[in-house]
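Residues 13 to 263 in our numbering are what the sequence shown lists, from first letter to last.
Here a beta-carbon is modelled for each residue, glycine too, at the ideal position from N, C-alpha and C.
See below for the structure under consideration.
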Amino acid sequence: MSPSRLSIPRGYFGLSRLPTVSPNQESLLESLVQQSVIQRLSFTIRPSKEKLGRFISGQLILGGTVNLSEATNYMLPEWPDDPVNHRAIPAVWVTSVDLLDARGSPTTEEATGHRHHRCSFRAALDTGANSMNLPHPGLLEDIERELITKMREKGYTEERIGRLWGRTNKGFVHVRSKALEFLPVLALTLGGGENSILIKIHPKHYCTHIVGGCFILFVQEHMSGYLGTPFFAAYSVHVDYTNNRTVLLEN
């Protein structure tokens, strides 16, 4: 077939199909398969090992496969969507969000007593988002409470604590570099029952240096759940629409 007769592949980076697209319209991956550019409806996102900024950078591999027999540290979360009609953005099913300390233990009793993050929700894996948006009111307050509690335990005065953290006018929490070690780990449980998977997003994943030793926490409360840059900083993602499988690998 001559190049002039080939249709131009169209789509969005990291996406397979628009949410409300006509069944007769090809997705980007389908278009590439039809033109024999790739052999499989799949893509893999491997972030750069260099320090991430506000958005991810790295490798995007189209049409590849993952050999699960070669490693035991791959994680396969439950596929939450209809296999055909939800090919816009891959997603996972989150059943809980918890706060852990650096050792992986539950956070302080004071913070734990205020947590109410057991509501399940579908979370899109959004390469175009620079934050983690979680539909859990009070999550940021719990992170702040844990931060302040840990700093008090280390002898920080209230005046000094007040100089090391705050909020922007857009609601983002910001901290100074000396406060990073006191931030909790975000632990998300994907799926339920025996097949549930625990993933951990550390402060190094959800904090981004802005200027002058100041870091922004790219974690927000929002009614629509999606996992952006912090998630991809922590995990490489392989999505295969051929067998409806999502594979995660800790970076």
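Pair within 7 Å by beta-carbon distance, residue i and residue j
{"i": "TYR86", "j": "VAL259", "result": "yes"}
{"i": "PHE244", "j": "ILE68", "result": "yes"}
{"i": "LEU111", "j": "PRO196", "result": "yes"}
{"i": "ARG179", "j": "VAL185", "result": "yes"}
{"i": "THR107", "j": "GLY167", "result": "no"}
{"i": "LEU198", "j": "ILE213", "result": "yes"}
{"i": "GLY76", "j": "ARG58", "result": "no"}
{"i": "PRO89", "j": "ILE209", "result": "yes"}
Where residue i falls: helix, strand or coil (DSSP)
{"i": "ALA114", "result": "coil"}
{"i": "MET235", "result": "coil"}
{"i": "ALA199", "result": "strand"}
{"i": "GLY178", "result": "strand"}
{"i": "ASN145", "result": "strand"}
{"i": "VAL49", "result": "coil"}
{"i": "LEU44", "result": "helix"}
{"i": "SER14", "result": "Reliability fails at SER14, whose pLDDT of 46 lies under 50, so the model's placement of it is uncertain and the value that follows must be treated cautiously. It is coil, neither helix nor strand."}
{"i": "SER208", "result": "coil"}
{"i": "ILE213", "result": "strand"}
{"i": "ALA123", "result": "With a pLDDT of 47 at ALA123, under the threshold of 50, the predicted position of this residue should be treated as unreliable, though the coordinate-derived value follows. ALA123 falls in the helix class under three-state DSSP."}
Beta-carbon proximity list for residue i, same chain, < 6 Å, skipping 5 on both sides
{"i": "SER143", "result": "PHE230, GLN232, GLY240"}
{"i": "VAL78", "result": "HIS250, VAL259"}
{"i": "SER189", "result": "GLY225"}
{"i": "LYS162", "result": "PHE194"}
{"i": "ASP252", "result": "SER54"}
{"i": "GLU62", "result": "none"}
{"i": "THR56", "result": "ILE73, GLY76, HIS250"}
{"i": "PRO215", "result": "LEU192, LEU195"}
{"i": "ILE222", "result": "ILE228"}
Close-in-space but distant-in-sequence residues of the same chain around residue i (CB under 7 Å, 5 per side omitted)
{"i": "THR254", "result": "ARG52, LEU53, SER54"}
{"i": "THR220", "result": "GLY65, ARG66, PHE227, ILE228, PHE230"}
{"i": "TYR247", "result": "ILE211, LEU260, LEU261, GLU262, ASN263"}
{"i": "TRP91", "result": "ASN256, ARG257, THR258"}
{"i": "SER60", "result": "SER69, GLY70"}
Beta-carbon separation (whole angstroms), residue i vs residue j, contact threshold 8 Å
{"i": "LEU137", "j": "ALA103", "result": "6 Å"}
{"i": "GLY237", "j": "ALA141", "result": "In fact, because the Cβ distance is near 11 Å, the residues do not count as touching under 8 Å."}
{"i": "LEU72", "j": "ILE50", "result": "The pair is not a contact, with the Cβ atoms about 12 Å apart (cut-off 8 Å)."}
{"i": "PRO147", "j": "HIS217", "result": "Actually they are not in contact, since the Cβ atoms of PRO147 and HIS217 sit about 20 Å apart, beyond 8 Å."}
{"i": "MET200", "j": "VAL109", "result": "It is Leu, not Met, that sits at residue 200 in the sequence shown. Going by Cβ atoms, the distance from LEU200 to VAL109 rounds to 6 Å, so yes, they are a contact pair."}
{"i": "SER132", "j": "TRP105", "result": "7 Å"}
DSSP beta-bridge partners of residue i
{"i": "PHE133", "result": "VAL106"}
{"i": "GLY183", "result": "In DSSP, GLY183 forms no bridge with anything."}
{"i": "HIS221", "result": "PHE227"}
{"i": "PRO59", "result": "GLY70"}
{"i": "TYR253", "result": "According to DSSP, TYR253 bridges with nothing at all."}
{"i": "LEU261", "result": "TYR86, SER248"}
{"i": "HIS188", "result": "In the sequence as displayed, the identity of residue 188 is Arg instead of His. DSSP lists CYS226 as partners of ARG188."}
{"i": "SER81", "result": "Looking at the DSSP assignment, SER81 forms no beta bridge with any residue, so it has no partner."}
Close beta carbons around residue i, own chain, < 8 Å, minus the five adjacent residues each side
{"i": "LEU159", "result": "TRP177, VAL187, ALA191, PHE194, LEU195, PRO196"}
{"i": "LEU151", "result": "VAL109, HIS129, VAL231, GLU233"}
{"i": "VAL45", "result": "GLN51, ARG52, LEU53, GLY75"}
{"i": "ASN207", "result": "GLU90"}
Contact with chain D by residue i, beta-carbon distance below 7 Å
{"i": "LYS212", "result": "Annotation note: the requested chain D is absent from the structure, which comprises a single protein chain."}
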